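Right, one structure below, let's go through it.
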Amino acid sequence: MSSVIGGLSIHGHNAGSPTKMPRIEGFMFFEKKLIGQYARFMRALRIADDCGCATGGRDADYGRPLKPPVWLAPLNPLSYRLGAHLHGLSALLLPAPGHTDNDHRAAMGKMVTMTREHLELLRSSAFESEHAQLYDTSYMQHEAAAMALEQEIEHSLASISPDENSDEHRRIVKTQITLHRERQRALRPHLESGSGVTDEDGNECVFVPAPNHWGANGDLDEESGSLSSVHNLLTWQASYSPLSYTPMYDELPSPDIPYHTMLDPSQPRTTYHLHRTREWTSGGCRKYIYTAREYSDKYSLYLLEASHRDGDNQVTAADFFRAAEYPQPCISILLSGIDKRDAKAAYKSRCIHLRGPFSQPIKEYPDRQQKIPWSPRRFTYGGRRFVWKPGDPHDDVMPETLYEFQRDWAKPGSRSGKRVDDAKPTKLVWGEKKRKGKVESYTIHFAGGVDQVFRELLLASQMARQATATLQFPWTEIIYD
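In my numbering, the protein residues as written are 3 to 483.
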């Protein structure tokens, strides 16, 4: 998968894999030119501000009238208002000689409130720079975004707008700040001044960029050959196409060929550590926030939020977010309700519908509705059939195990609807429980080569099931941050 961004050829990679990174051609010349323009622009802005000029000054190097670099034009082409924002950031991005960190933060405190459009652009750029391996740039962008968000909280406290001055709005902004600060800690060993080998604890450090829409869009492209691209074509055909064949494919991969044999064996497995991090109560509603952290169990890559009304602990909906795009959900989850609620209602199976980037949701159906345990639960994806089975028959919270199968049939002699199948023995997803003292935590593994979109749907399913199963009887051992 390859895409062109700003005239640069960026070859895509698996965002969940710490080993494969994009290759950027011809970037060094562009980067040096960009930094030179930016430095002159910021220096001139500083001079203009010292002279009391509100709209500009003269280039400190060449004496020319100050003009913003061309690359700033898309942000605000006819105004120096963005220049004022950038000047507020200049103490951080290009500190003057002799200035301390406290001086830089004091200067940031004087920054003009950034518009929502500019703030969102800055936030997304910080995560995109991670994928472009511009770690120093990304670190500064995360810092600028976090400080702008901190100022937004201060502004909201004085605002009379019910949208800005609400507990929910401040909760979202605080979560965004936390995510940006986490990304800075993840980036720190990889800066030009960092070791690039070990983290602050002395452990081997491999940087995993936070997944975003770049990797997802690449997986959905027809030329990627991923299972998600096949599913995208099939759902499009079923919803919109009057044709009897699938465009761009002479012949779809045969489901007779096991899915696991089509995965790249050189790809390492992808691991996430699952945590319920906090609870939030507002307006008679209790919200639970779950996170999935990368292999080192330090930095959140995904979040899931589930909620229920006070007096009713049944969860029927949840939202799944990429940390890079919070609070915009990438997957919305619906769960069927339980008719009869009792002490074991949280462990009873139900249907799960996952609405992601496709025109139709992914629908997981249990063999037996409202029975213990949750699985087996079956669904179709990319023309293939998959089944979730219990990861541990003695632990209902343990992540389930995913297999591929072709046929299933009623279990002989069963009166309750049990079914058997010809599931392949190879695990595609599986869980693990770890204990440290009295603390237990859960980890979920994905076979190497599973594309980002499919992996996110599977992760969302497991986190939603886990959230529903633990709200009525929370883990006493779960880690709270």
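Every residue gets a Cβ at the ideal spot worked out from N, C-alpha and C, and that includes glycine.
Quick caveat, the model's predicted, so the values are computed rather than measured.
Rounded C-alpha distance that separates residue i from residue j
i	j	result
Tyr-367	Ser-377	9 angstroms
Cys-287	Leu-254	47 angstroms
Glu-154	Gly-217	30 angstroms
Lys-360	Phe-381	Checking the sequence, you will find Phe at residue 360 rather than Lys. For Phe-360 and Phe-381, the distance between alpha carbons rounds to 15 angstroms.
Gln-372	Lys-346	10 angstroms
Val-399	Ser-161	43 angstroms
Val-455	Ser-230	6 angstroms
Pro-267	Ser-127	32 angstroms
Thr-403	Leu-430	7 angstroms
Val-232	Gly-220	13 angstroms
Ile-309	Asp-341	As written in the sequence, residue 309 is Ser, which differs from the Ile given in the question. Spanning the two alpha carbons is a distance of roughly 19 angstroms.
Pro-375	Leu-121	45 angstroms
Gln-408	Tyr-383	12 angstroms
Gln-468	Pro-401	7 angstroms
Thr-428	Ala-348	29 angstroms
Glu-281	Ser-298	24 angstroms
Met-116	Thr-177	18 angstroms
Met-23	Arg-311	In this prediction, Met-23 scores a pLDDT of 39, lower than 50, which makes its location untrustworthy; the coordinate-derived value is nonetheless stated afterwards. Each residue's Cα considered, the two are about 44 angstroms apart.
Asp-397	Leu-336	24 angstroms
Glu-307	Glu-458	15 angstroms
Lys-365	Phe-209	34 angstroms
Ile-179	Arg-357	27 angstroms
Ser-256	Ser-418	33 angstroms
Arg-45	Leu-193	Because the pLDDT at Arg-45 is just 49, under 50, the model does not fix this residue reliably, and the value given afterwards should be weighed accordingly. Each residue's Cα considered, the two are about 24 angstroms apart.
Thr-263	Ser-195	43 angstroms
Glu-206	Ser-228	31 angstroms
Tyr-292	Lys-435	17 angstroms
Glu-225	Ser-168	45 angstroms
Leu-265	Asp-258	15 angstroms
Glu-119	Pro-395	49 angstroms
Glu-156	Gln-269	45 angstroms
Gln-239	Arg-437	47 angstroms
Glu-296	Gly-415	45 angstroms
Tyr-261	Arg-387	10 angstroms
Val-175	Arg-187	19 angstroms
Cys-332	Pro-191	30 angstroms
Glu-442	Arg-324	25 angstroms
First and last residue of the uninterrupted beta strand (DSSP E) at residue i
i	result
Glu-366	364-368
Ser-241	Unbroken run through Ser-241 is the alpha helix (DSSP H), 229-241; no beta strand (DSSP E).
Ala-449	Run containing Ala-449: none; DSSP gives neither H nor E here.
Leu-254	It is not in any beta strand (DSSP E) - Leu-254 carries neither H nor E in the DSSP assignment.
Phe-323	319-324
Glu-307	302-311
His-192	His-192 -> no beta strand (DSSP E), and no H or E assigned at all.
Ser-334	333-337
Ile-354	354-357
Beta-carbon proximity of residue i to residue j, cut-off 8 angstroms
i	j	result
Lys-420	Tyr-405	no
Ala-326	Phe-129	yes
Ala-466	Ile-354	yes
Thr-470	Arg-278	no
Ser-334	Arg-379	no
Tyr-328	Leu-305	yes
Leu-189	Tyr-242	no
Asp-423	Val-389	yes
Ser-158	Arg-173	no
Ser-140	Glu-152	no
Gly-439	Gly-393	no
Ala-150	Leu-124	yes
Leu-236	Gly-385	yes
Glu-170	Ser-284	yes
Asn-234	Leu-222	yes
N-terminal and C-terminal residue of the alpha helix (DSSP H) that residue i is part of
i	result
Leu-222	215-222
Answer yes if the region 309-329 comes into contact with the region 448-468, meaning at least three C-beta pairs across the two stretches below 8 angstroms, and no otherwise. yes
(message) Which runs of the alpha helix (DSSP H) at least 4 residues long sit entirely within the region 134-175? Give them in chain order.
(response) 137-159
Inset, instruction - Tell me, please, whether the region 139-148 touches the region 180-188 by the rule of three or more beta-carbon pairs shorter than 8 angstroms. - result: yes
request  = Assess, as a yes-or-no matter, whether the region 256-276 is touched by the region 443-450 under the definition of 3 or more beta carbon pairs within less than 8 angstroms.
outcome  = yes
**Message:** Could you tell me which whole beta strand (DSSP E) segments of length 3 or greater appear in the region 371-438?
**Reply:** Fully enclosed beta strand (DSSP E) runs of 3 or longer: 379-383, 386-391, 403-407, 410-412, 421-423, 431-438.
Beta strand (DSSP E) segments (min. 3 residues) lying fully within the region 251-292
Residue ranges of uninterrupted beta strand (DSSP E) with 3 or more members, entirely inside the region 251-292 and ordered along the chain, are 272-284.
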